[in-house]
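Heads up: the structure comes next, in structure tokens.
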Amino acid sequence: MFDSVNPARPADVVGTYPSRSGEDVDGAVRAAAAAQIAWARVPVPARGELIAAAGAVLAARKAELSALVSREVGKIAVEAGGDVQEAIDMAAFVAGQGRAAWGETVPSELADKLCWTTRAPIGVVGMITPWNFPVAIPSWKCFPALLAGNGIVLKPSEHAPGCAEAFVRACTEAGIPPDLLQVIHGGPVPGAALAVHPGVGALSFTGSVRSGRSVAAAAMETGPRLVSLELGGKNAMIVAADADIDLAVDGALFGAFGTAGQRCTSTSRLLVHPDVAGALLDRLVERAGALRLGDPQDPSTDVGPLITEAAGQRIAAMVEVARAEGASVVCGGRPRTDVAGCEGAVFYEPTVVTGVRPAHRLAREEVFGPVLAVLEVADLDEAVAVVNQVDYGLSAAVYTRDVNAALRAVAGIDTGIVYVNAPTIGAEIPLPFGGTKHTGNGFREAGTRGIEQFSQVKTVYVDYSGRLQRAQIDNRGPS
Ligand code: NAD
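Shown next, in the form of structure tokens:
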């Protein structure tokens, strides 16, 4: 058994959960596979109605669930509410897809013949999720996979088992068969067992590059299967010389220090033109220094705790490396264990580091903490080149009043998501979410992509002519 604790007060145990073994994973996969047979026969719109009902349960419990998110992973109250709202929105969107197009039809090249595609379930889908969107990310994966007719084995983060349980309970209370949606608690051990289980037809992983690569390599060894990876980011915001500086400061603060920088889409690089660097930094440092660290459930708190003590050590080490490489910490730069009302918690001060060069580690590696690296760039072309210099490609933002410059940046930036005059955070449900390069392996979640990811295309030809007709040979018309 293991305890899930409140990162703001680790003595507060949120719940105690079983650390599952490979044998338990096997039992869960078998149970989900058995339940999936009946589920695959439920008409798609009826599956959608149950997903809509799950969304209604989540909406009715939004306050309670948001408080749990805040308590279990340390998100401040408004952000915890956003996490739950994403799941509610995803339920509404996916439920609607249950009555939308399910394939394509094309005219046949032959008379009296029909051609179309439809979607078939994969079977059992394995899911491994991170702690930082503990309700939203399970919903991004589970709702589309359920609509597509699959059974599920979900292995949530060992830092957020309570949120996963609450999400699954909302689904089963809404009428989704409990055996269809299995939850396996624990860390890498059950995760790795799920990744190599031969009964799992597709595996969907969200987390760090390191864990994702090990999961994908292991999964491939047991045979061909579909493995989707949503991994880390090193997201940049470009601020051009003509940008609205106050707007850019608002965006940088929310992007860099929201969720204490523990988002895959957090802004971790600020690429600023030298003409506006001074004014921008003065305002940014003043406002970042005034952000209030505290209990995430207290409405006056701006920045909550880090998820673990180890996260604090990792962030502090990255800032030390930046100092050693010649950069300057102009705001923050210290772990804090003395925040009132948060005994035993580890925080990290909102930190701004200037004088960072593209080759520095702080400019290339994901920190996953409230640390913003500032780099000066001479013009838009250099800014785009620096954005693209990293191994990651999740999200980027450009702040400018020049529409031509904005669209040139959108065209040149190699990331899965680009924002104009908005921070690197702010994805909406109906559009695809995901990244290029090492951020993933080409898949996208959300929008209709989730349903595509969790289903298999079946192409169907029906010839009602009553005679043999040969494609590419007969009925070619006058030659
Ligand atoms: P993590 O990689 O430590 O853990 C993620 C999940 O993988 C957990 O459930 C964990 O138990 C499991 N796991 C870890 N090692 C494993 C192994 N060897 N085999 C099987 N399972 C294993 O990540 P985290 O700390 O929970 O989340 C933070 C990371 O996730 C950051 O890098 C962040 O950028 C990334 N993230 C990406 C997205 C995205 O959509 N691209 C979204 C959120 C978070």
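The opening position of the sequence shown corresponds to residue 413 in the numbering used here, with each subsequent residue numbered one higher. Every residue, glycine too, gets a C-beta built ideally from N, C-alpha and C.
- Closest by C-alpha distance to Ala-809, out of Ala-797, Val-802 and Ile-825, is Ile-825.
- Taking 4 residues as the minimum length, the alpha helix (DSSP H) runs contained wholly in the segment 481 to 561 are 489 to 509 and 548 to 559, in order along the chain.
- Closest in alpha carbon position to Arg-748, among Val-741, Ser-740 and Pro-762, is Pro-762.
- Judged by beta-carbon spacing, Thr-530 lies within the 9 angstroms limit of Val-869, meaning their Cβ atoms are closer than that value.
- When beta bridges are read from the DSSP output, Asn-418 appears opposite Arg-421.
- If one requires a minimum length of 3 residues, the beta strand (DSSP E) runs lying completely within the segment 593 to 645 are 593 to 595, 614 to 618 and 638 to 642, in chain order.
- Ala-817: member of the alpha helix (DSSP H) spanning 815 to 824, first to last residue.
- When Tyr-811, Arg-581, Ala-452 and Ala-586 are compared, the shortest CA-CA separation from Asp-662 is found for Tyr-811.
- Ranked by how close their Cα comes to the Cα of Arg-773, the residues Arg-735, Thr-679, Gln-674 and Cys-754 have Arg-735 in first place.
- Inter-segment contact for the segment 480 to 490 and the segment 570 to 583 is present: three or more beta-carbon pairs are separated by less than 8 angstroms.
- The segment 579 to 591 makes no contact with the segment 613 to 632; the number of CB pairs closer than 8 angstroms stays below 3.
- Look at Gly-756 here: in three-state DSSP terms it is coil, with no helix or strand label.
- Straight across, the Cα-Cα distance linking Gly-587 with Thr-517 is about 33 angstroms.
- Thr-713 has its CB no nearer than 8 angstroms to any heavy atom of the ligand NAD.
- Proximity of the segment 486 to 506 to the segment 459 to 476 meets the contact definition, three or more beta-carbon pairs being nearer than 8 angstroms.
- Along the segment 435 to 469, the beta strand (DSSP E) does not occur as any fully enclosed run of 3 or more residues.
- With contacts defined as CB atoms closer than 9 angstroms, Gly-645 and Ser-680 qualify as a contacting pair.
- Secondary structure of Gln-725 (DSSP, three-state): helix.
- One Cα belongs to Gln-674, the other to Gly-439, and the distance between them is close to 34 angstroms.
- Between the ligand NAD and Arg-746, a heavy atom-to-CB distance of less than 8 angstroms is absent.
- DSSP links Val-783 through a beta bridge to Thr-763.
- Nearest in C-alpha terms to Val-799, of all of Val-684, Gly-619 and Ala-447, is Val-684.
- Buried is the label assigned to Arg-856, since at least 16 other Cβ atoms lie within 10 Å of its Cβ.
- Counted as a single uninterrupted DSSP element, the alpha helix (DSSP H) harbouring Cys-575 occupies residues 573 to 585.
- Proximity of the beta carbon of Thr-848 to the ligand NAD is not indicated: no heavy atom of the ligand is located closer than 8 angstroms.
- Between Phe-866 and Val-608, the C-beta gap is not smaller than 9 angstroms, which leaves the two residues out of contact.
- By a beta-carbon distance limit of 8 angstroms, Gly-619 does not contact Ile-727. Their separation comes to about 18 angstroms.
- In this structure, the ligand NAD has no non-hydrogen atom nearer than 8 angstroms to the beta-carbon of Cys-575.
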